[in-house]
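Chemist: Note that the protein sequences, when read in sequence, are chains C and Y.
Residues in the first sequence are numbered from 587 upward in steps of one, following my numbering.
Residues in the second sequence are numbered from 587 upward in steps of one, following my numbering.
To start, I am sharing the structure in question, which I have written as structure tokens.
Number of protein chains: 2
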Amino acid sequence: MKVELGAKNCLYPLPTVLVGAIVNGKPNYTAIAHVGIMEPNAVSLGMNKIHHTNQGIKANKTFSINIPSTKLVKETDYCGLFSGRDKNKSELFKTFFGKLKTAPMIEECSINMECELINTVDFPSHDVFIGKVASTFCDEAVLVDGTVDFSKVDPILFVMNDRNYWRLGSKFAEAWNIGKELDARFVPKLSI
Amino acid sequence: MKVELGAKNCLYPLPTVLVGAIVNGKPNYTAIAHVGIMEPNAVSLGMNKIHHTNQGIKANKTFSINIPSTKLVKETDYCGLFSGRDKNKSELFKTFFGKLKTAPMIEECSINMECELINTVDFPSHDVFIGKVASTFCDEAVLVDGTVDFSKVDPILFVMNDRNYWRLGSKFAEAWNIGKELDARFVPKLSI
């Protein structure tokens with residue numbers, strides 16, 4: 587039986603990431619999970635305007651996305667709990683830079699993407715930053731035959747509904763393939 | 587050691603959803619995983635312009651997001667493999683409607699959100715539809731004490747890098763809480 591929940595966003599889980607930017611000359615990191623992909627090389631960050639990090643993204647037109655593993659859950663949650671106005675979060679991690687120079691990245695995260703800001707969608711309470719991935723770095727340890735293995739990345743998945751962090755499970759089917767088994771079995775070709 | 591991968595999007599996994607719209611008077615469903623959250627009640631769909639479904643979203647300014655479980659992986663993948671121009675995908679599922687009347691939803695998916703189109707971001711190859719959740723339905727069976735339990739939803743997570751579908755694992759930490767353990771232990775208060 588279906589139950590109506592009201593206007594309840596259930597588009598979860600989403601990956602929890604650490605967003606990096608230079609704010610007032612210093613690397614700052616905040617944790618968010620309201621992220622998305624817009625086209626293959628473009629990502630979005632839905633960031634409440636209260637975040638200190640937003641100022642740095644607007645000023646430099648660059649940011650980084652760092653994917654922490656479950657081992658970094660305390661550091662990640664900390665970065666979401668406390669503002670860079672009050673805490674020096676850059677001391678939690680070792681920072682490195684890529685070609686953009688103003689998108690600080692976290693050495694301890696196995697995946698790092700430096701991004702150029704290409705658009706902003708303005709909501710009353712949120713800045714939605716749209717970025718183009720400029721360059722991606724990963725730990726050699728998460729590569730298998732040149733492809734990132736997400737079981738090794740071990741990301742922190744977020745569900746708002748229960749306010750918990752979840753692990754990634756195992757892979758179980760091949761995309762753009764397993765559905766071929768249904769072709770011509772259940773669905774008639776439309777007459778034209 | 588860090589390895590540079592070039593401009594490689596690694597913002598995964600994301601939840602695979604079935605997007606519903608009325609196209610030429612008929613419900614149509616397509617599978618996408620390039621989704622996101624912009625602010626708590628606003629979602630985004632990054633949809634290649636080749637999709638048949640895009641026409642219906644533009645015409646009616648409504649769409650639905652349905653979250654299939656791993657048991658529906660063949661049907662879900664099928665909806666991503668084949669276009670509504672060639673196949674009548676509405677015959678795969680039982681359709682129901684909510685208050686928007688033009689956002690067809692899938693009975694067999696345990697979570698359904700009907701959405702109103704509030705903005706579109708135009709990319710060369712993709713329409714990014716931004717929607718406001720108008721109303722959400724769920725199967726009674728996925729509710730525990732009134733909250734959606736994502737282990738019961740059992741969503742299909744997508745990773746583009748290896749082109750596989752993955753399961754959700756288990757929850758392991760409380761958000762906005764576990765990071766408190768680090769407070770005052772590692773990070774000094776900034777001097778003002």
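Just so you know, even glycine gets a beta-carbon here, dropped at the ideal spot from N, CA and C.
Going along the region 630-646 of chain Y in order, which residues come within less than 7 Å of chain C, judged by CB to CB distance?
Modeler: Within the region 630-646 of chain Y, the residues whose Cβ lies closer than 7 Å to some Cβ of chain C are Ser-630, Gly-632, listed in chain order.
Chemist: Are the CB atoms of Ile-608 of chain C and Thr-722 of chain C within a distance shorter than 9 Å?
Modeler: Cβ distance not < 9 Å, so Thr-722 of chain C and Ile-608 of chain C don't count as in contact.
Chemist: Mind checking if Tyr-664 of chain Y is an interface residue toward chain C, Cβ cutoff 9 Å exclusive?
Modeler: Closer than 9 Å to some Cβ of chain C, the Cβ of Tyr-664 of chain Y qualifies, so yes.
Chemist: In the structure shown, what three-state DSSP assignment does Ala-727 of chain C receive?
Modeler: Helix, per DSSP.
Chemist: Nearest-angstrom Cα distance between Leu-743 of chain Y and Ala-761 of chain C?
Modeler: Approximately 10 Å between the Cα atoms of the pair.
Chemist: What is the C-beta distance between Ala-628 of chain Y and Phe-709 of chain C, in whole angstroms, given that I count them as a contact (C-beta under 8 Å)?
Modeler: With a Cβ gap of about 7 Å, Ala-628 of chain Y and Phe-709 of chain C count as contacting.
Chemist: Tell me Tyr-751 of chain Y's beta-bridge partners as DSSP assigns them.
Modeler: Tyr-751 of chain Y is bridged to C:Ala-759, Y:Phe-744.
Chemist: With 9 Å as the threshold, decide whether the Cβ of Ser-650 of chain Y is near any Cβ in chain C.
Modeler: Not one chain C Cβ lies under 9 Å of Ser-650 of chain Y.
Chemist: Check the Cβ of Asp-733 of chain C against every Cβ in chain Y and list those closer than 7 Å, keeping chain order.
Modeler: In the sequence as displayed, the identity of residue 733 of chain C is Thr instead of Asp. Correct list: Asn-747, Asp-748.
Chemist: Using a beta-carbon distance below 9 Å, is Leu-600 of chain C in contact with chain Y?
Modeler: Interface residue, yes.
Chemist: What does Leu-686 of chain Y reach in chain C if we use C-beta pairs closer than 9 Å?
Modeler: Those within 9 Å of Leu-686 of chain Y in chain C number zero; the least Cβ separation is about 12 Å.
Chemist: Tell me whether Glu-726 of chain C is buried or exposed, calling it buried when 16 or more other Cβ atoms sit within 10 Å of its Cβ.
Modeler: Its Cβ having fewer than 16 others within 10 Å, Glu-726 of chain C is exposed.
Chemist: Mind pulling the chain C residues with CB within less than 8 Å of Ala-607 of chain Y?
Modeler: Neighbours of Ala-607 of chain Y on chain C: none; closest Cβ ~17 Å, over 8 Å.
Chemist: So what does Cys-701 of chain C bridge to, in DSSP terms?
Modeler: BP columns for Cys-701 of chain C point to C:Phe-649, C:Val-719.
Chemist: State the DSSP-derived secondary structure class of Lys-660 of chain C, mapped to helix, strand or coil.
Modeler: Three-state result, Lys-660 of chain C: helix.
Chemist: Take Thr-662 of chain C and list the residues in its own chain whose beta-carbon comes closer than 7 Å to its own, dropping the five residues that flank it on each side.
Modeler: Closer than 7 Å at the Cβ level, and outside the excluded window around Thr-662 of chain C, lie Thr-602, Leu-604, Ala-617, Pro-654, Ile-742.
Chemist: Could you tell me whether the region 658-674 of chain C touches the region 632-644 of chain C, using the rule of 3 or more Cβ pairs below 8 Å?
Modeler: In short, these stretches touch, since the Cβ pair count reaches three.
Chemist: Thinking C-alpha only, which one of Y:Val-589, Y:Lys-680, Y:His-620 is nearest Asn-614 of chain Y?
Modeler: Of Y:Val-589, Y:Lys-680, Y:His-620, the residue nearest in Cα terms is Y:Lys-680.
Chemist: Quick one: does Phe-683 of chain C have its CB under 9 Å from some CB of chain Y?
Modeler: Closer than 9 Å: no.
Chemist: Going by beta carbon distance, what residues of the same chain come within less than 8 Å of Met-624 of chain C, once the five residues before and after it are set aside?
Modeler: The answer, listed in chain order, is Ser-630, Ile-716.
Chemist: Between which two residues does the beta strand (DSSP E) containing Lys-737 of chain C stretch?
Modeler: First, the residue type needs correcting, since residue 737 of chain C is Ser and not Lys in the sequence shown. Where Ser-737 of chain C is concerned, there is no enclosing beta strand (DSSP E), although the alpha helix (DSSP H) it sits in stretches over 736-739.
Chemist: In whole angstroms, what is the alpha-carbon distance linking Asn-705 of chain Y and Asp-713 of chain Y?
Modeler: Using only the alpha carbons, I get a separation of about 10 Å.
Chemist: Buried or exposed: Ser-676 of chain Y, going by 16 or more other Cβ atoms within 10 Å of its Cβ?
Modeler: Result: buried.
Chemist: Step through the CB atoms of chain C and report whether any lies within less than 9 Å of the CB of Pro-613 of chain Y.
Modeler: It does not: the Cβ of Pro-613 of chain Y has no partner Cβ on chain C nearer than 9 Å.
Chemist: Among Y:Cys-665, Y:Lys-718, Y:Leu-667, which residue has its Cα nearest to the Cα of Pro-626 of chain Y?
Modeler: Comparing Cα positions, the closest option is Y:Lys-718.
Chemist: Kindly indicate which residue of Y:Met-746, Y:Leu-703, Y:Asn-763, Y:Leu-667 has the alpha-carbon position closest to the one of Lys-644 of chain Y.
Modeler: If we check each option's Cα against that of Lys-644 of chain Y, Y:Leu-703 comes out closest.
Chemist: If you reduce the DSSP assignment to three classes, tell me which class Ile-643 of chain Y lands in.
Modeler: Helix at Ile-643 of chain Y.
Chemist: Report the neighbours of Phe-723 of chain Y on chain C: residues whose CB is nearer than 8 Å to its CB, in chain order.
Modeler: Within chain C, the residues near Phe-723 of chain Y are Lys-588, Val-589, Glu-590, Leu-591.
Chemist: Please determine, among Y:Gly-606, Y:Val-745, Y:Phe-758, the residue with the shortest C-alpha to C-alpha distance to Phe-698 of chain Y.
Modeler: Looking at the sequence shown, residue 698 of chain Y is not Phe but Asn. With distances taken between Cα atoms, Asn-698 of chain Y lies closest to Y:Gly-606.
Chemist: Is Glu-694 of chain C closer than 9 Å to Phe-683 of chain C when the C-beta atoms are compared?
Modeler: Going by C-beta atoms, Phe-683 of chain C is not nearer than 9 Å to Glu-694 of chain C.
Chemist: Looking only at its chain, what residues have a beta carbon closer than 7 Å to the beta carbon of Cys-596 of chain C, apart from the 5 residues adjacent to it on each side?
Modeler: So the list reads Asn-747, once near-sequence residues are dropped.
Chemist: Grouping DSSP H, G and I as helix and E and B as strand, with all else coil, what is Ser-696 of chain C?
Modeler: In this structure, Ser-696 of chain C counts as coil in the three-state DSSP scheme.
Chemist: On the criterion of 16 or more Cβ atoms from any shown chain inside 10 Å, does Val-730 of chain C qualify as buried, or is it exposed?
Modeler: With fewer than 16 other Cβ atoms within 10 Å, it is exposed.
Chemist: Are any of the Cβ atoms in chain C nearer than 9 Å to that of Ser-655 of chain Y?
Modeler: Ser-655 of chain Y does not count as touching chain C.
Chemist: Return the bridge partner residues of Ser-630 of chain Y from the DSSP annotation.
Modeler: Partner(s): Y:Gly-622, Y:Ile-716.
Chemist: Run the CB neighbour count on Ser-756 of chain C, radius 10 Å, all protein chains shown included, and call it buried at 16 or more, exposed below.
Modeler: Answer is exposed; the Cβ neighbour count stays below 16.
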